[in-house]
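Student: My questions will all concern the structure given below.
Protein chains: 2
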Amino acid sequence: MNDATGILVIVSGFSGAGKGTLMHELLSRYEGYALSVSATTRRPREGEVDGRDYFFLDREEFEHMISEHAFIEYARYVENYYGTPRKYVEDQLASGRDVILEIEVQGAMIVKRQYPDAITVFVTPPSAAELRRRLEERRTESAEVIAGRLKRAGEEAELMNKYDYLLINDDLQESTKKLHDIIANAHARMSANEEFVARIQKELRT
Amino acid sequence: MNDATGILVIVSGFSGAGKGTLMHELLSRYEGYALSVSATTRRPREGEVDGRDYFFLDREEFEHMISEHAFIEYARYVENYYGTPRKYVEDQLASGRDVILEIEVQGAMIVKRQYPDAITVFVTPPSAAELRRRLEERRTESAEVIAGRLKRAGEEAELMNKYDYLLINDDLQESTKKLHDIIANAHARMSANEEFVARIQKELRT
Numbered sequence: 001m002n003d004a005t006g007i008l009v010i011v012s013g014f015s016g017a018g019k020g021t022l023m024h025e026l027l028s029r030y031e032g033y034a035l036s037v038s039a040t041t042r043r044p045r046e047g048e049v050d051g052r053d054y055f056f057l058d059r060e061e062f063e064h065m066i067s068e069h070a071f072i073e074y075a076r077y078v079e080n081y082y083g084t085p086r087k088y089v090e091d092q093l094a095s096g097r098d099v100i101l102e103i104e105v106q107g108a109m110i111v112k113r114q115y116p117d118a119i120t121v122f123v124t125p126p127s128a129a130e131l132r133r134r135l136e137e138r139r140t141e142s143a144e145v146i147a148g149r150l151k152r153a154g155e156e157a158e159l160m161n162k163y164d165y166l167l168i169n170d171d172l173q174e175s176t177k178k179l180h181d182i183i184a185n186a187h188a189r190m191s192a193n194e195e196f197v198a199r200i201q202k203e204l205r206t
Numbered sequence: 207m208n209d210a211t212g213i214l215v216i217v218s219g220f221s222g223a224g225k226g227t228l229m230h231e232l233l234s235r236y237e238g239y240a241l242s243v244s245a246t247t248r249r250p251r252e253g254e255v256d257g258r259d260y261f262f263l264d265r266e267e268f269e270h271m272i273s274e275h276a277f278i279e280y281a282r283y284v285e286n287y288y289g290t291p292r293k294y295v296e297d298q299l300a301s302g303r304d305v306i307l308e309i310e311v312q313g314a315m316i317v318k319r320q321y322p323d324a325i326t327v328f329v330t331p332p333s334a335a336e337l338r339r340r341l342e343e344r345r346t347e348s349a350e351v352i353a354g355r356l357k358r359a360g361e362e363a364e365l366m367n368k369y370d371y372l373l374i375n376d377d378l379q380e381s382t383k384k385l386h387d388i389i390a391n392a393h394a395r396m397s398a399n400e401e402f403v404a405r406i407q408k409e410l411r412t
């Protein structure tokens, strides 16, 4: 009943908030979603698959794409580029799929400016104590890395007000359902129903 | 988990869209809602109950309330006043209930300006043809009255873009669920979680 175009869903959140698991669960439980895959010039880590985890490009390819405005947003961290290829996102939206874009806070704001009808969702654990606990539980990371992530979380928290929705990720199943509901609801927004509105306005004029 | 304050839900829609039945169904199927009751100076019609359908006031009482800013909005149609008493709405919101306010388009915009976090929902049948059919089905109304309602619907349709959500009321049960979902989702908006955000920001600063 709603217009046929998909909705762009921008998901950010603290490292340790469980975004990755949440995205994976959303895509495995529900139909109609597409996950945007980032491109990067960094080397694949063990177990990472090209086209699933990232599109692994060399520097020349990446810079060529920049020159062709083929990224919605891109950034350079340390020595490497990271970016969101535009074509995949737009093709999927046009085909009616809702596209999930997991991206950090600065990139999220850049994307939102280009796609004002996108919805932005910030994922957080129920408390800072729980965030710390989850980061420490991983055990693979040094105290220094954990401290760095908590510091970064503090910076991100100052920008979380800019998001449309807050998703408090306590229980994975519940949070997945909630994220799905938020997106389903976005299809009921007036802005996602312009075709319907134009039609009934026209019908009522005659 | 979300902040404890209720959300104000402003519902408008074409006469014949089934708003009344929808509100009734929402309140009977789900907990936690309060329906705002308008005040009016017009006489009660047969079967109307004071405090349920309207608060029936005399002109002096109504004008006294106007002078005390006791209405969120009010208007005068023909010889009578109609208004939304402020106290009931604010008491219910403070107690954590979501307040449903069924109101016509002009009033809705006045209320939205005072309560920017309110959500606005426009209810419509699936098509103009279906609206005409529903109005004709009532049989109690003359062709002239029906024509008047359709003309009014045309005017309202020109303002429907200003609403946050569109609810295409095809099936009552489905639409009731959808309205409930729209409201439940509004509690996940960042603006409905200011206490949580302030707390986690503070926790992460220390």
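Just so you know, the sequences run in chain order A and B. Heads up: the first sequence runs through residues 1 to 206, numbered per our numbering. Heads up: the second sequence runs through residues 207 to 412, numbered per our numbering. Glycine included, each C-beta is placed from N, C-alpha and C at the ideal position.
#1: If contacts are defined as beta-carbon pairs under 8 Å, then I309 of chain B and T330 of chain B qualify, I think. What distance do you get, rounded to the angstrom?
#2: Measuring only between beta-carbons, confirm whether F165 of chain A sits less than 7 Å from chain B.
#3: With S242 of chain B as the anchor, note down where its alpha helix (DSSP H) starts and where it stops.
#4: Which residues does DSSP pair with I100 of chain A in a beta bridge?
#5: Taking 7 Å as the threshold (C-beta atoms), are V37 of chain A and I119 of chain A in contact?
#6: Might you give, ordered along the chain, the residues of its own chain that have their beta carbon closer than 8 Å to the beta carbon of V295 of chain B, omitting 5 neighbours on each side?
#7: Leaving out five residues before and five after M396 of chain B in sequence, what residues of the same chain have Cβ atoms less than 8 Å from its Cβ?
#8: Quick check: R86 of chain A and A34 of chain A, are their CB atoms within less than 7 Å of each other?
#9: Measure how close the beta-carbons of A394 of chain B and L204 of chain A come, nearest whole angstrom, since I'm counting them as under 8 Å.
#10: Buried or exposed, going by whether 16 or more other CB atoms sit within 10 Å of the CB of S273 of chain B?
#11: Where does G313 of chain B fall in DSSP's three states?
#12: How close, in whole Å, do the beta carbons of S333 of chain B and I200 of chain A come, if the pair is a contact with beta carbons under 8 Å?
#13: For M396 of chain B, return the contacting residues in chain A, with the cut-off set at a CB-CB distance below 9 Å.
#14: Determine the closest residue to E79 of chain A out of A:L93, A:D58 and A:Q92, with distance taken between C-alpha atoms.
#15: Given a cut-off of 7 Å, decide if F122 of chain A and Y262 of chain A are closer than it, judged by their beta-carbon atoms.
#16: Is D297 of chain B close to chain A, meaning its C-beta is less than 7 Å from at least one C-beta of that chain?
#17: Let me know the secondary structure DSSP gives A147 of chain A once reduced to three states.
#18: From the DSSP output, which residues share a beta bridge with N80 of chain A?
#19: Candidates A:G6, A:N169, A:S15 and A:K202: which alpha carbon is nearest V105 of chain A's?
#20: Starting from the beta carbon of N193 of chain A, find every residue of chain B whose beta carbon is closer than 7 Å, and list them in chain order.
#21: Check whether the Cβ atoms of T247 of chain B and F261 of chain B sit closer than 7 Å, and answer yes or no.
#22: At a Cβ threshold of 7 Å, is Q201 of chain A touching chain B?
#23: Write down every uninterrupted run of the beta strand (DSSP E) in the segment 123-184 of chain A whose length is 3 residues or greater and which is fully enclosed by it, in chain order.
#24: Does L410 of chain B come within less than 7 Å of chain A when only Cβ atoms are used?
#25: Out of B:A398, B:D387 and B:A210, state which residue places its alpha-carbon closest to the alpha-carbon of Q298 of chain B.
#26: Between A353 of chain B and R113 of chain A, what straight-line distance do the alpha-carbon atoms span, to the nearest angstrom?
#27: Give me the residue from A:E46, A:P44 and A:A108 with the minimum Cα distance to A75 of chain A.
#28: Rounded to a whole number of angstroms, what is the C-alpha to C-alpha distance between G238 of chain B and Y371 of chain B?
#29: Buried or exposed, going by whether 16 or more other CB atoms sit within 10 Å of the CB of E342 of chain B?
#30: Where does A143 of chain A land, buried or exposed, given buried means 16+ other C-beta within 10 angstroms?
#31: Cβ atoms of L232 of chain B and S381 of chain B: under 7 Å apart, would you say?
#32: When you compare the CB positions of N161 of chain A and G18 of chain A, do they come within less than 7 Å of one another, or not?
#33: Identify, in the order they occur along the chain, each residue of the same chain with its Cβ nearer than 7 Å to the Cβ of H386 of chain B, setting aside the five sequence neighbours on each side.
#34: So the candidates are A:A129, A:H24, A:A186 and A:N185; which of them puts its Cα closest to the Cα of V412 of chain B?
#35: Can you tell me where the alpha helix (DSSP H) with G20 of chain A in it begins and where it stops?
#36: Cutting at 7 Å between CB atoms, please list the residues of its own chain near A392 of chain B, excluding the five before and the five after it.
Tutor: Answer, in terms of the structure:
#1: Here residue 309 of chain B is taken as the residue at index 103 of the second sequence, counted from 1. Here residue 330 of chain B is taken as the residue at index 124 of the second sequence, counted from 1. That pair is no contact at about 16 Å.
#2: For the purposes of this step, residue 165 of chain A is taken as residue 165 along the first sequence, with counting starting at 1. One point to set straight first is that residue 165 of chain A is Tyr, not Phe, in the sequence displayed. Y165 of chain A counts as touching chain B.
#3: In the second sequence, counting from the first residue as 1, residue 242 of chain B sits at position 36. Taken as a continuous stretch (DSSP letters only), S242 of chain B belongs to no alpha helix (DSSP H), as it is neither H nor E.
#4: Taking the first sequence and counting its residues from 1, one reaches residue 100 of chain A at position 100. Paired residue(s): A:V9 and A:L35.
#5: Stepping through the first sequence from its first residue, residue 119 of chain A is reached at position 119. Stepping through the first sequence from its first residue, residue 37 of chain A is reached at position 37. The answer is no: Cβ separation not under 7 Å.
#6: Working through the second sequence from its first residue, we reach residue 295 of chain B at position 89. L214, S242, I278, V305 and L307.
#7: For this step, residue 396 of chain B is matched to residue 190 along the second sequence. Taken in chain order, the residues that qualify are V403.
#8: Translated into the one-based positions of the first sequence, residue 86 of chain A becomes position 86. Translated into the one-based positions of the first sequence, residue 34 of chain A becomes position 34. For R86 of chain A and A34 of chain A, no; Cβs fall outside 7 Å.
#9: Within the second sequence, residue 394 of chain B is the residue found at index 188, counting from 1. Within the first sequence, residue 204 of chain A is the residue found at index 204, counting from 1. With 8 Å as the limit, A394 of chain B and L204 of chain A do not qualify as a contact, their Cβ atoms being about 34 Å apart.
#10: Counting from 1 along the second sequence, the entry for residue 273 of chain B is found at position 67. That one is exposed.
#11: Locating residue 313 of chain B in the second sequence gives position 107, where the first residue counts as 1. Reduced to three states, the DSSP call for G313 of chain B is helix.
#12: In the second sequence, residue 333 of chain B corresponds to position 127, counting from 1. In the first sequence, residue 200 of chain A corresponds to position 200, counting from 1. Sure, about 7 Å apart at Cβ, within 8 Å.
#13: The sequence position of residue 396 of chain B within the second sequence is 190, counting from 1. By Cβ distance, chain A contributes T120, F122, M160, N161, K162, Y163, D164, Y165 and L166.
#14: Along the first sequence, read from residue 1 onward, the residue named residue 79 of chain A stands at position 79. Checking every option, the nearest Cα to that of E79 of chain A belongs to A:D58.
#15: A query on residue 262 of chain A cannot be resolved here, the shown segment of chain A reaching from 1 to 206 and no further.
#16: One-based indexing of the second sequence puts residue 297 of chain B at position 91. For D297 of chain B, the answer is no, since every Cβ of chain A falls outside 7 Å of its Cβ.
#17: Translated into positions along the first sequence, residue 147 of chain A becomes position 147. Here A147 of chain A sits in helix by DSSP.
#18: If you number the first sequence from 1, residue 80 of chain A lands on position 80. In the DSSP output, where bridge partners are listed per residue, N80 of chain A has A:Y77.
#19: Within the first sequence, residue 105 of chain A is the residue found at index 105, counting from 1. When each option's Cα is compared against that of V105 of chain A, the closest is A:S15.
#20: The residue given as residue 193 of chain A occupies position 193 in the first sequence. Those within 7 Å of N193 of chain A in chain B are L372.
#21: Residue 247 of chain B sits at position 41 when you count from the first residue of the second sequence. Residue 261 of chain B sits at position 55 when you count from the first residue of the second sequence. It is not a contact, given that the beta carbons lie outside the stated cut-off.
#22: As a first step, residue 201 of chain A is located in the first sequence; it is residue number 201 there, counting from the start. Yes, because at least one Cβ of chain B sits closer than 7 Å to the Cβ of Q201 of chain A.
#23: 165-168
#24: For the purposes of this step, residue 410 of chain B is taken as residue 204 along the second sequence, with counting starting at 1. Output row for L410 of chain B: interface = yes.
#25: Locating residue 298 of chain B in the second sequence gives position 92, counting from the first residue. Nearest option by C-alpha distance: B:A210.
#26: For the purposes of this step, residue 353 of chain B is identified with residue 147 of the second sequence, where counting begins at 1. For the purposes of this step, residue 113 of chain A is identified with residue 113 of the first sequence, where counting begins at 1. Each residue's alpha carbon lies about 44 Å from the other.
#27: Counting from 1 along the first sequence, the entry for residue 75 of chain A is found at position 75. Ranking A:E46, A:P44 and A:A108 by Cα distance to A75 of chain A puts A:A108 first.
#28: Walking along the second sequence from the start, residue 238 of chain B turns up at place 32. Walking along the second sequence from the start, residue 371 of chain B turns up at place 165. Going by the C-alpha atoms only, they are around 21 Å apart.
#29: Your numbering for residue 342 of chain B matches position 136 in the second sequence. With fewer than 16 other Cβ atoms within 10 Å, it is exposed.
#30: Indexing the first sequence from 1 puts residue 143 of chain A at position 143. Exposed, because fewer than 16 other Cβ atoms sit within 10 Å of the Cβ of A143 of chain A.
#31: As a first step, residue 381 of chain B must be located in the second sequence, where it is residue number 175. As a first step, residue 232 of chain B must be located in the second sequence, where it is residue number 26. Result no, Cβ atoms of S381 of chain B and L232 of chain B do not sit closer than 7 Å.
#32: By 1-based counting over the first sequence, the position of residue 161 of chain A is 161. By 1-based counting over the first sequence, the position of residue 18 of chain A is 18. No, the pair does not count as a contact, with Cβ atoms beyond the cut-off.
#33: Along the second sequence, read from residue 1 onward, the residue named residue 386 of chain B stands at position 180. Closer than 7 Å at Cβ, skipping near neighbours: L232 and Y236.
#34: As a position in the second sequence, residue 412 of chain B is number 206, starting the count at 1. Residue identity differs from the one stated: residue 412 of chain B is Thr in this sequence, not Val. Of the candidates A:A129, A:H24, A:A186 and A:N185, the one whose C-alpha sits nearest the C-alpha of T412 of chain B is A:A129.
#35: On the first sequence, residue 20 of chain A is found 20 positions in, with the first residue counted as 1. It spans K19 to R29 - the alpha helix (DSSP H) in which G20 of chain A sits, taken as one unbroken run.
#36: As a working note, residue 392 of chain B is residue 186 in the second sequence. Counting only Cβ-Cβ distances below 7 Å, and skipping sequence neighbours, we find I213, I325 and A398.
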